[in-house]
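Peer 1: One structure, as structure tokens, below. Some questions next.
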């Protein structure tokens, strides 16, 4: 057996000689030549680092301020004077508008009906504004709440009117093209399937179901879930209560002191400190927004939907993966997005408006409502919220044009994390200058 | 054509009727029933949040302390007195040990050789200790540097001796079993392939190549890379210089003030503030460690290897994905891991020691060297580093036993991020009490 066919030192001395060779020609993993790309652990690293840094911030905050959470204080936000409840009165008031509304449908001709409809809608938008501006016992938080309810009502009634008009149009078109007997036969046939058709939907029961349902778009026959899942309902209820407490606690403990500390740098226009404060505010603000999102769009809406056996639970889509600003706005708030698409964007396209202009118009209306919900309760007309929404149009263009994939996603996140606290600080600064310092220092 | 086969309002009114249906039965994405699991955007969110929070910390630090970075100060860390360079003298000194070493190999019998070998090795470990403890002009940083060089030398010479002994064993075994003529024929054959074999390796050139090569394990024929890639070399050089500056800057600007601020809570034993300081220190400490890792194990070692055409670039494996503590220790520092495996763990297993005991022994030796590298330069024998390494044994058992997958990975990261600053603070606290405050306050 010749030696030359073996490895240099031969396997017969294996026990010793294996140890002799312990290097081989290879690249480092982080060199681009290695082709290695498994960085699974980095996600865990990010999560651990985030939790640890925020734990520290929380502890620092506790040491600095003590415990500031006070659930009783929350009530005083809604009610300055416990004996006059203007916000609640406003909300009860809306029932009258609703009754008036149902009576409108079909009672008058199309023209007079539309006229009264417009009067009613503008009343819905203007009445709370007047109340907020002229009733001094209204607190900003109570006012935001009342205005939000009225805005939702406005959007719902607009949709209700539109859909009923479409139904009348269809009925007329059918009457023109088909024999009446056939048409009635079909209507009777659908009644067997418990499908309601116009004008069978014009009942109080149907209308109130729509008013309380977690959607802004009216439909004659909403999809219904087969039964109320009790465990699901209880879980959502628990989330609602727990997250509500968490939100209030975070705002009292983290947002309020940070905002108060930000006033001085903003008055002095000390630029580097302003950015530091902005970034400091960005973290709690963003966390609160995320919790609010989950609380409102997942817990609360699912709770209401489960209770009403409302079948369509798509209240949001996967906006967290959005790679363009447009995708974010089209997917984070599905009820509003659906309404805009159905009652504003598509009707505009039908009238020959170009897509670009229609999109800008949607942002314009959205900007109006954002401003409406912020300026009126604070009794300050500064247009920061309006501009914050309008700036999304060039931002969407920029991100869509220049950033792809993960870079686009990161840009959307940055605009969310940084954009919101800028707007918050703007308003708080102006509010502080006006109300706390007195107008002379402004 | 009967109507009943069509959809309720018929496709002939499509333009109007499509708008009538805009809900369908579906679950929310975040409900477990939806089966949705694409949270790709969350990784981007984590990265953006981390960058923004650390940008804020950095800005806060700049506002609070101004710019503390001072490259000149670094030199004074190594040299208190610029005219006496004890650390450098020590390093030059080691050349003598090396020459002595080469002379040892093969000159004496196996027994006397081993005896002299042990004397030389213990000199290598003890000489710098004596220098550091008795030469007062030695700064801690200079001492760590000198001790690290001597430790590396110790490990390399240990490996050199072992491999040469294995070669002698093989030669003797071969001499016993085979005809001399055949054996010599094979040796001549391998010389044609430019493979060196014992005792042809006992040259100054071969030894110095090993001493400067980025590995701790000696091999007669190291794998060699075919050529020096100039672009690769320059990139690594640039990284070395840039990261070195970054490290020094981060330590001066971020670590030193944070540590100084931590002294008071640690003296007062104010528990909540101690944890707050610990977490505050954890972030810069961890970043510095990560940058150091990249600087040393990727940039510097690859630079040296490229320069020497050393082929085996596996200086680390994918420790960032490690799901157990053992995996981390076996993969983050491959030169040391390879040495421990080849010259300590496997020889122990051969002598019949169980795997568990051998593993614990490896940690024990590692703990000794950690303590050696920290205690001697600080002239404090506190055993914190020793205990920090030894605690890895129960930690490894715990993580391996109870945590799997991402939880295990997160546990490894937490132990890294939190464990290191604990040890750092322990030493700094004791050093502060001893040297700054004076021994009476300790």
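Protein chains in written order, with the numbering used here: chain A, 1 to 442; chain B, 1001 to 1442. The beta carbon of each residue, even a glycine, is placed where N, CA and C say it ideally should be.
By the three-class DSSP mapping on this structure, what secondary structure does residue 1138(B) have?
Peer 2: Of the three classes helix, strand and coil, the one that applies to residue 1138(B) here is strand, per DSSP.
Peer 1: Can you tell me which of 196(A), 279(A), 260(A), 34(A) puts its alpha carbon nearest to the alpha carbon of residue 1054(B)?
Peer 2: Among 196(A), 279(A), 260(A), 34(A), the Cα nearest to that of residue 1054(B) belongs to 279(A).
Peer 1: Rounded to the nearest angstrom, what separates residue 1413(B) and residue 1322(B) at their Cα positions?
Peer 2: Rounded to the nearest angstrom, the two C-alpha atoms are 9 angstroms apart.
Peer 1: Residues of chain A with a CB under 7 angstroms from the CB of residue 1280(B): which are they?
Peer 2: Within chain A, the residues near residue 1280(B) are 56.
Peer 1: Going by C-alpha distance, which of 326(A), 430(A), 336(A) is nearest residue 415(A)?
Peer 2: When only C-alpha atoms are compared, the closest one is 326(A).
Peer 1: At a CB-CB cut-off below 8 angstroms, which residues of chain A make contact with residue 1410(B)?
Peer 2: The answer, in chain order, is 44, 47, 48.
Peer 1: Just checking my contact of residue 307(A) with residue 144(A) at CB under 8 angstroms: how many whole Å lie between their CB atoms?
Peer 2: Residue 307(A) to residue 144(A), Cβ: 25 angstroms. No contact.
Peer 1: Suppose you measure from the CA of residue 1294(B) to the CA of residue 395(A); what does that come to, to the nearest Å?
Peer 2: Near 37 angstroms, if we compare the C-alpha coordinates of residue 395(A) and residue 1294(B).
Peer 1: Taking Cβ positions only, does residue 1311(B) come closer than 9 angstroms to chain A?
Peer 2: Residue 1311(B) counts as touching chain A.
Peer 1: If I'm right that residue 1292(B) touches residue 1247(B) with Cβ under 8 angstroms, what's the distance once you round it to whole angstroms?
Peer 2: Rounded, the Cβ-Cβ distance is 6 angstroms, consistent with contact.
Peer 1: At the level of alpha carbons, what is the spacing between residue 1431(B) and residue 1065(B)?
Peer 2: Going from the Cα of residue 1431(B) to the Cα of residue 1065(B) covers about 23 angstroms.
Peer 1: Below 7 angstroms between beta carbons is the criterion; list the residues of the region 1401-1426 of chain B that meet it against any residue of chain A, in chain order.
Peer 2: Per Cβ criterion, the list reads 1406, 1409, 1410, 1413, 1414, 1417.
Peer 1: Check whether the Cβ of residue 1022(B) lies closer than 9 angstroms to any Cβ atom in chain A.
Peer 2: Cβ-Cβ to chain A under 9 angstroms: yes for residue 1022(B).
Peer 1: Can you tell me where the alpha helix (DSSP H) with residue 1250(B) in it begins and where it stops?
Peer 2: Where residue 1250(B) is concerned, the enclosing alpha helix (DSSP H) stretches over 1230-1250.
Peer 1: Answer yes or no: does any C-beta atom of chain A fall closer than 9 angstroms to that of residue 1026(B)?
Peer 2: Interface residue, yes.
Peer 1: Given a cut-off of 9 angstroms, decide if residue 1068(B) and residue 1245(B) are closer than it, judged by their beta-carbon atoms.
Peer 2: Not closer than 9 angstroms, so no.
Peer 1: Kindly indicate which residue of 1139(B), 1341(B), 1049(B) has the alpha-carbon position closest to the one of residue 1073(B).
Peer 2: Closest by alpha carbon: 1139(B).
Peer 1: By alpha-carbon positions, which one of 22(A), 117(A), 335(A), 328(A) ends up nearest to residue 1041(B)?
Peer 2: Comparing Cα-Cα distances from residue 1041(B) to each of 22(A), 117(A), 335(A), 328(A), the minimum goes to 328(A).
Peer 1: What separation, rounded to the nearest whole angstrom, lies between the Cα atoms of residue 211(A) and residue 153(A)?
Peer 2: Rounded to the nearest angstrom, the two C-alpha atoms are 7 angstroms apart.
Peer 1: Can you tell me whether residue 445(A) is buried or exposed, with buried defined as 16 or more other CB within 10 angstroms of its CB?
Peer 2: The requested residue 445(A) is not part of the displayed model; chain A covers only 1 to 442.
Peer 1: Helix, strand or coil: how does DSSP classify residue 1082(B) here?
Peer 2: Note on residue 1082(B): pLDDT 49, under 50, position unreliable in the model; no value is reported.
Peer 1: Determine the contact status of residue 46(A) and residue 1046(B), defining contact as a CB-CB distance below 9 angstroms.
Peer 2: Against a cut-off of 9 angstroms, the Cβ pair of residue 1046(B) and residue 46(A) comes out as a contact.
Peer 1: For residue 1215(B), return the contacting residues in chain D, with the cut-off set at a CB-CB distance below 7 angstroms.
Peer 2: Reference to chain D is not applicable here, since the protein chains of this structure are A and B.
Peer 1: Would you list, in sequence order, the uninterrupted alpha helix (DSSP H) runs of no fewer than 4 residues that lie entirely inside the region 400-428 of chain A?
Peer 2: Correct list: empty.
Peer 1: Give the C-beta separation of residue 378(A) and residue 345(A) to the nearest angstrom, bearing in mind that I take them to be a contact with Cβ-Cβ under 8 angstroms.
Peer 2: Contact flag wrong, Cβ pair sits at about 30 angstroms.
Peer 1: Within 10 Å of its beta-carbon, does residue 158(A) have 16 or more other beta-carbons around it, so buried, or fewer, so exposed?
Peer 2: By the 10 Å Cβ count, residue 158(A) comes out buried.
Peer 1: Taking a Cβ distance cut-off of 8 angstroms, strictly less, list which residues of the region 1250-1264 of chain B are near chain A, in chain order.
Peer 2: Going along the region 1250-1264 of chain B in chain order, one finds no residue with a Cβ nearer than 8 angstroms to chain A.
Peer 1: Got a sec, what are the start and stop residues for the alpha helix (DSSP H) residue 1257(B) sits in?
Peer 2: Looking at the DSSP string, the run of the alpha helix (DSSP H) that includes residue 1257(B) is 1256-1268.
Peer 1: Which same chain residues, not among the five before or five after residue 1150(B), have their C-beta less than 6 angstroms away from its C-beta?
Peer 2: The answer, listed in chain order, is 1124, 1128.
Peer 1: I want to verify the contact list: residues of chain B whose CB lies under 7 angstroms from the CB of residue 338(A), in sequence order.
Peer 2: Neighbours of residue 338(A) on chain B, chain order: 1022.
Peer 1: Can you give the Cα-Cα distance for residue 110(A) and residue 231(A), rounded to whole angstroms?
Peer 2: Answer to the nearest angstrom: the Cα atoms are 47 angstroms apart.
Peer 1: Let's see if you can read the secondary structure: which residues bound the alpha helix (DSSP H) around residue 1303(B)?
Peer 2: Here the alpha helix (DSSP H) through residue 1303(B) covers 1301-1307.
Peer 1: At the 9 angstroms Cβ level, is residue 124(A) part of the contact set with chain B, yes or no?
Peer 2: Not an interface residue.
Peer 1: Under a CB-based cut-off of 9 angstroms, is residue 1300(B) close to chain A?
Peer 2: So no, residue 1300(B) is outside the interface.
Peer 1: Which stretch, first to last residue, makes up the alpha helix (DSSP H) that contains residue 1051(B)?
Peer 2: First-last of the alpha helix (DSSP H) with residue 1051(B): 1040-1065.
Peer 1: How far does the alpha helix (DSSP H) with residue 219(A) in it reach, from first residue to last?
Peer 2: First-last for residue 219(A): undefined, no H or E at that position.
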